[in-house]
Structure formats: C-alpha cells, structure tokens
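*Asks:*
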Amino acid sequence: MAESDSRNENTNEQLKPVRLFSGAKLLGQTRLVMGDSIFDDAELASVTTRTNYTSGKCVTCLVTPLTGTITLPETLPSGVDNYTVDEGGRLGCISKPTTECDIDINPPL
Numbered sequence: 000m001a002e003s004d005s006r007n008e009n010t011n012e013q014l015k016p017v018r019l020f021s022g023a024k025l026l027g028q029t030r031l032v033m034g035d036s037i038f039d040d041a042e043l044a045s046v047t048t049r050t051n052y053t054s055g056k057c058v059t060c061l062v063t064p065l066t067g068t069i070t071l072p073e074t075l076p077s078g079v080d081n082y083t084v085d086e087g088g089r090l091g092c093i094s095k096p097t098t099e100c101d102i103d104i105n106p107p108l
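So for the sequence shown, numbering that gives the first Met the number 0 puts the first residue at 0; every next one is plus one.
This is the structure:
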C-alpha cells in the first residue's frame with residue numbers, strides 16, 4: 000500500500016465516531032482510535048462510566064452496544080459469562096470498538 004493510501008486509511012478511520020448514550024440521550028462522542036477500549040473512548044469524550052477495575056473481573060463497567068462492531072477477548076474473563084455476551088453486554092474496560100458505533104453506557108440486563 001502506498002504511503003498516501005495508508006495515510007488516507009488512517010484519516011478515514013479517525014473520522015469514525017464513537018457515540019456514548021444513556022438511553023436515548025447522547026452524552027458525548029469521540030473519534031474511533033483502534034486499540035482503545037470503550038472506557039478509553041468514554042474518558043476522551045468526558046463521559047463518566049461505572050468502573051472499579053480494568054481487567055474485566057468485576058463487571059461494573061457493563062455497557063450495551065447499539066450499533067457497530069466491538070471486539071471481545073478470545074477468552075472471557077471470570078466476571079462475564081456467555082449469557083451476558085449473548086444478551087449484548089460488553090465490558091467497557093476490555094471491549095474495543097473497531098467500527099463507527101453507538102454505545103449505551105447502561106447494562107443490557
């Protein structure tokens with residue numbers, strides 16, 4: 000890939016928004032940065048989220064993705080189970096958006 004193509008790809012990636020909601024209310028937004036967690040995005044958008052730790056064990060930071068793609072670790076931490084994931088729950092501390100997305104900072108359950 001040519002250097003200018005790579006630069007364009009990075010620019011396009013950075014223009015993708017990550018929007019954070021509480022129910023229907025938009026609380027803030029930031030630009031997608033690959034590798035950043037939902038917790039990182041919330042912090043960049045000055046949105047307060049629930050958190051205790053950042054290892055995925057306490058489930059305090061459980062959020063609900065509304066649109067977009069958000070990755071999970073291959074092995075789920077002890078604090079979250081398949082049911083929670085199947086219901087749409089993601090842990091803000093370890094889940095990472097990979098596309099433009101909307102996220103409700105409230106848990107799905």
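We put the beta carbon where it would ideally sit given N, CA and C, even for glycine. Small disclaimer: the values here were computed from a predicted structure and weren't measured.
With a Cβ-Cβ cutoff of 8 Å, do Cys92 and Thr68 count as a contact?
*Replies:* Along the sequence shown, read from residue 1 onward, the residue named residue 92 stands at position 93. Along the sequence shown, read from residue 1 onward, the residue named residue 68 stands at position 69. No. Outside cutoff.
*Asks:* DSSP three-state call for Leu61: helix, strand or coil?
*Replies:* For the purposes of this step, residue 61 is taken as the residue at position 62 of the sequence shown. It is a strand residue.
*Asks:* For Met0, collect the residues of the same chain with a Cβ closer than 7 Å to its Cβ; drop the 5 residues on either side in sequence, then sort them by chain order.
*Replies:* What you label residue 0 is simply residue 1 of the sequence shown in a count that begins at 1. Per-residue confidence for Met0 stands at a pLDDT of 45, beneath the threshold of 50, marking its modelled position as unreliable; the derived number appears in the next sentence. Closer than 7 Å at Cβ, skipping near neighbours: no residue.
*Asks:* Would you list the one or two residues that DSSP bridges to Ser21?
*Replies:* Counting from one through the sequence shown, the residue named residue 21 turns up at place 22. BP columns for Ser21 point to Lys24.
*Asks:* Assess contact between the region 12-29 and the region 39-51, defined as three or more Cβ pairs (one per stretch) separated by less than 8 Å. Is contact present?
*Replies:* Touching, per the Cβ criterion.
*Asks:* Please look up how many angstroms separate the CB atoms of Leu31 and Pro96, rounded, as I've assumed it's under 8 Å.
*Replies:* Working through the sequence shown from its first residue, we reach residue 31 at position 32. Working through the sequence shown from its first residue, we reach residue 96 at position 97. With a Cβ gap of about 6 Å, Leu31 and Pro96 count as contacting.
*Asks:* Around the C-beta of Ala41, are 16 or more other C-beta atoms found within 10 angstroms, so that it is buried, or is it exposed?
*Replies:* As a working mapping, residue 41 is identified with position 42 in the sequence shown. Result: buried.
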